[in-house]
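Enquirer: Chains as they are written, first to last, in the UniProt record's numbering: chain D, 1 to 62; chain R, 1 to 386.
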Amino acid sequence: MKIVLDRARCEGHGLCEEAAPDLMHLDDDGELVIDREEITEAELAAANAAVRVCPVAALRIE
Amino acid sequence: MSAAAIRRIVVVGNGIAGLTAADSLRGAGFDGELTIIGDERHPACSRPALSKALLSDCADLTSHQLPAPTHGALEIAGRRACGLDAERRRVALDDGTELPYDRLVVATGSRARRLSDLAGELTLRGLDDALALRERLAARPSVVVVGGGPLGMEVASGCVAARCQVTVVSQGMPLEMQLGPHLARVFAEAAQGRGVALVQTESARLEEHGGATRVVLEEDIVLEAELVVSAVGDVPNTEWLAGTSLVTDGVVRVDARGLARPDVAAVGDLAVFPTPYGMRRIPLWSTAIAHSKVAAAALVHGEAAPPLQFQPYFWTEQFGLSLKAVGFLPLNGPPVYVDGGPGGPALMRWTHEDGRGAAAALNYRIPIPRLRRITEDAATGARRAA
């Protein structure tokens with residue numbers, strides 16, 4: 001499974017980072033960086049939480 | 001009852017508060033039977049996007065979509081909770097069934113407050129509202145928006161994007177009550193710069209006249225338009241809790257962990273919780289998320305769970321301006337500019353009278369954790385100055 005970011009949509013609210021700090025972070029310019037694209041079963045819950053809190057649906061899991 | 005003995009948890013409400021609570025209950029180790037009751041026809045969606053991307057972004061109809069849930073809960077959709085027996089621990093549904101629980105999450109949110117029962121009064125709360133409004137705007141009607149809060153102004157901005165003639169009717173300057181005078185002025189100028197007429201009034205009511213809905217202001221001044229949208233606040237959906245001790249004045253009061261009683265959490269728009277400025281309701285997307293996480297942990301772990309360490313996070317997009325703010329609003333007095341200058345792009349901070357900081361980024365891209373740190377810098381700076 002993989003976290004996919006639609007960069008054009010991301011507005012840098014950072015709620016995803018709060019939900020899954022091990023998987024992604026905002027850099028100093030406010031751009032979201034996915035630190036771990038490929039995720040394990042164990043990380044899925046955190047990844048899903050991150051995807052859900054994004055208010056502009058910029059993240060998804062494939 | 002120990003955590004292991006919690007077998008059934010019922011979440012009433014499937015908005016972001018209910019869904020986050022369900023996720024977080026699993027995260028807190030609850031592996032029993034989880035049931036979510038939701039009365040919306042559509043799956044949960046991002047409400048902030050409804051008044052922003054969905055109204056303004058003509059091509060894209062997916063910005064509000066949330067992913068499919070993964071909490072493994074039984075979802076009962078299209079049913080409404082209509083009663084609660086908190087002593088017997090049972091939720092009554094509108095089809096006559098009763099759901100027993102060991103722990104309950106109350107997350108039924110709120111609905112748009114209305115000024116009238118007239119069909120001509122549109123409000124914006126759910127996806128259907130947004131789609132209906134979007135469709136009406138396509139015909140480029142003249143619009144009066146009643147309400148100068150963030151939602152009213154975002155709607156007005158969406159109307160401008162659809163090339164409609166827009167009037168905003170507001171008590172005082174739009175956004176002043178929510179954001180404070182400095183930022184309100186920036187937004188009012190941007191709105192006026194794009195042709196929005198701002199009308200300040202003490203009172204407004206709606207009436208039907210000649211088959212159309214119109215707005216009557218104080219001293220019988222009448223505003224006519226082809227479309228009337230009201231955005232005058234929200235009403236917590238707590239009627240189903242009537243007769244329980246959970247509701248006072250239409251809201252549910254909770255402690256610092258989001259609990260109304262040890263076996264009942266209340267999260268999201270209907271909850272009043274302790275803040276440094278007293279008991280408050282802060283009906284924001286980010287509040288619902290922060291709140292639900294804390295309350296879910298508290299339901300499972302009780303007082304061993306940490307209380308809410310909360311700083312509101314708010315954002316709005318309208319009239320070409322993008323604002324992100326961390327801290328308690330409104331912000332009084334002029335800002336200290338950390339970077340940039342008046343009108344933006346700007347990074348600003350304020351210090352409240354009690355020394356707490358707040359920060360806002362206007363057309364300025366910044367990670368929210370950094371914006372949070374600036375609020376802390378403001379607070380430390382104030383202490384040093386004192």
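Heads up, the beta-carbon is just placed ideally off N, CA and C, and yes, glycines get one too.
In the DSSP assignment, what are the bridge partners of R/Pro274?
Expert: R/Met279
Enquirer: With a cut-off of 8 Å, does the C-beta of R/Arg125 fall near any C-beta of chain D?
Expert: Chain D, which has no Cβ nearer than 8 Å to the Cβ of R/Arg125, makes this no.
Enquirer: Could you round the C-beta distance between R/Leu133 and R/Pro150 to whole angstroms and report it? I think they count as a contact, below 8 Å.
Expert: With a Cβ gap of about 16 Å, R/Leu133 and R/Pro150 do not count as contacting.
Enquirer: Kindly indicate which residue of R/Ala112, R/Val300, R/Thr20 and R/Pro283 has the alpha-carbon position closest to the one of R/Arg7.
Expert: R/Val300
Enquirer: Express the C-alpha separation of R/Ala17 and R/Thr351 in angstroms, rounding to a whole number.
Expert: 30 Å
Enquirer: Could you work out which residues of chain R lie near D/Leu26, taking near to mean beta carbons separated by less than 9 Å?
Expert: Ile366, Pro367, Ile368, Pro369 and Arg370
Enquirer: Taking its Cβ as the centre, do 16 or more other Cβ atoms sit within 10 Å of R/Ala379, making it buried, or is it exposed?
Expert: buried
Enquirer: Find the residues of chain R that neighbour D/Val56, judging by a C-beta separation of less than 9 Å, and give them in chain order.
Expert: Residues of chain R passing the Cβ test: Ser46, Pro48, Ala49, Lys52, Ala53, Ser63 and His64.
Enquirer: Can you find a C-beta in chain D that's less than 8 Å from the C-beta of R/Leu284?
Expert: No, no contact with chain D.
Enquirer: Determine, for D/Arg52, whether the minimum Cβ-Cβ distance to residues of chain R falls below 8 Å.
Expert: Yes, its Cβ sits closer than 8 Å to a Cβ of chain R.
Enquirer: Taking C-beta pairs closer than 7 Å, name the residues in chain D that R/Pro312 reaches, listed in chain order.
Expert: Those do not exist, as R/Pro312 stays about 13 Å from chain D at its closest Cβ, beyond 7 Å.
Enquirer: Within 8 Å, do at least three Cβ pairs link the region 315–323 of chain R to the region 183–200 of chain R?
Expert: These segments touch.
Enquirer: What's the C-alpha gap between R/Arg125 and R/Pro283?
Expert: 13 Å
Enquirer: Kindly list the residues whose CB is nearer than 8 Å to the CB of R/Ala130, restricted to its own chain and excluding five residues on each side of it in sequence; keep chain order.
Expert: Short of 8 Å from the beta carbon of R/Ala130, and not among the five residues preceding or following it, lie these beta carbons of its own chain, in chain order: Leu50, Ser51, Leu54, Leu55, His64 and Leu124.
Enquirer: Can you say whether R/Ser245 is buried or exposed, counting buried as having 16 or more other CB atoms within 10 angstroms of its CB?
Expert: exposed
Enquirer: Identify the continuous beta strand (DSSP E) that holds R/Pro236 and give its terminal residues.
Expert: Element bounds for R/Pro236: Asp234 to Pro236.
Enquirer: If the cut-off is 9 Å on Cβ atoms, which residues from the region 2–26 of chain R count as contacting chain D, listed in chain order?
Expert: So the close ones are Ile16, Leu19, Thr20, Asp23, Ser24 and Arg26.
Enquirer: Is R/Ile37 helix, strand or coil when you go by DSSP?
Expert: Under the three-state reduction of DSSP output, R/Ile37 falls in the strand class.
Enquirer: Which of the residues in the UniProt domain "4Fe-4S ferredoxin-type" (1–29) of chain D, read from start to end, lie with their CB under 9 Å from any CB of chain B?
Expert: Absent from the structure is chain B; the protein chains it does hold are D and R.
Enquirer: Against chain D, which members of the region 277–307 of chain R pass a CB distance test of less than 9 Å?
Expert: Trp285, Ser286, Ile289, Ala290 and Lys293
Enquirer: Is the beta carbon of R/Leu115 sitting closer than 8 Å to the one on R/Arg205?
Expert: Yes, these two residues count as a Cβ contact at 8 Å.
Enquirer: Taking the alpha-carbon positions, what's the R/Gly15 to R/Cys45 distance?
Expert: 7 Å
Enquirer: Considering only C-alpha positions, which residue in the set D/Ala20, D/Ala49, D/Pro21 and D/Leu32 is nearest to D/Asp6?
Expert: D/Leu32
Enquirer: Only counting the same chain, and skipping five residues up and downstream in sequence, which positions put a Cβ closer than 7 Å to that of D/His13?
Expert: Pro55
Enquirer: Count the CB pairs spanning the region 260–267 of chain R and the region 144–160 of chain R that are closer than 8 Å, and state whether there are at least three.
Expert: no
Enquirer: Which residue wins for smallest C-alpha separation from R/Ala271, given the options R/Pro262, R/Arg261, R/Arg257 and R/Val251?
Expert: Each of R/Pro262, R/Arg261, R/Arg257 and R/Val251 was checked against the Cα of R/Ala271, and the nearest Cα belongs to R/Val251.
Enquirer: Give me the Cα-Cα distance between R/Leu323 and R/Leu329, rounded to the nearest whole angstrom.
Expert: 13 Å
Enquirer: Can you tell me whether R/Ala298 is helix, strand or coil according to DSSP?
Expert: helix
Enquirer: Can you tell me where the beta strand (DSSP E) with D/Leu59 in it begins and where it stops?
Expert: Leu59 to Ile61
Enquirer: With 8 Å set as the bound, which would you pick, yes or no: does the beta-carbon of R/Pro67 sit closer than that to a beta-carbon of chain D?
Expert: yes
Enquirer: Does the region 253–260 of chain R come within contact of the region 292–299 of chain R, defined as at least 3 CB pairs closer than 8 Å?
Expert: yes
Enquirer: Residues of chain D with CB closer than 7 Å to the CB of R/Trp315, please, in chain order.
Expert: His13
Enquirer: Note down, in chain order, each residue of its chain lying with its Cβ closer than 7 Å to the Cβ of R/Ala59, except the 5 sequence neighbours on either side.
Expert: Note that R/Ala59 has pLDDT 49, beneath the 50 cutoff, so the model's placement of it is unreliable and no number is given.
Enquirer: Which residues of chain R have a Cβ atom closer than 8 Å to the Cβ of D/Ile61, listed in chain order?
Expert: Pro67
Enquirer: Does the beta-carbon distance from R/Asp102 to R/Arg88 come in below 8 Å?
Expert: no
Enquirer: Give a yes or no on whether the C-beta atoms belonging to R/Val326 and R/Ile289 are separated by under 8 Å.
Expert: In this structure, R/Ile289 does not lie closer than 8 Å to R/Val326 by Cβ.
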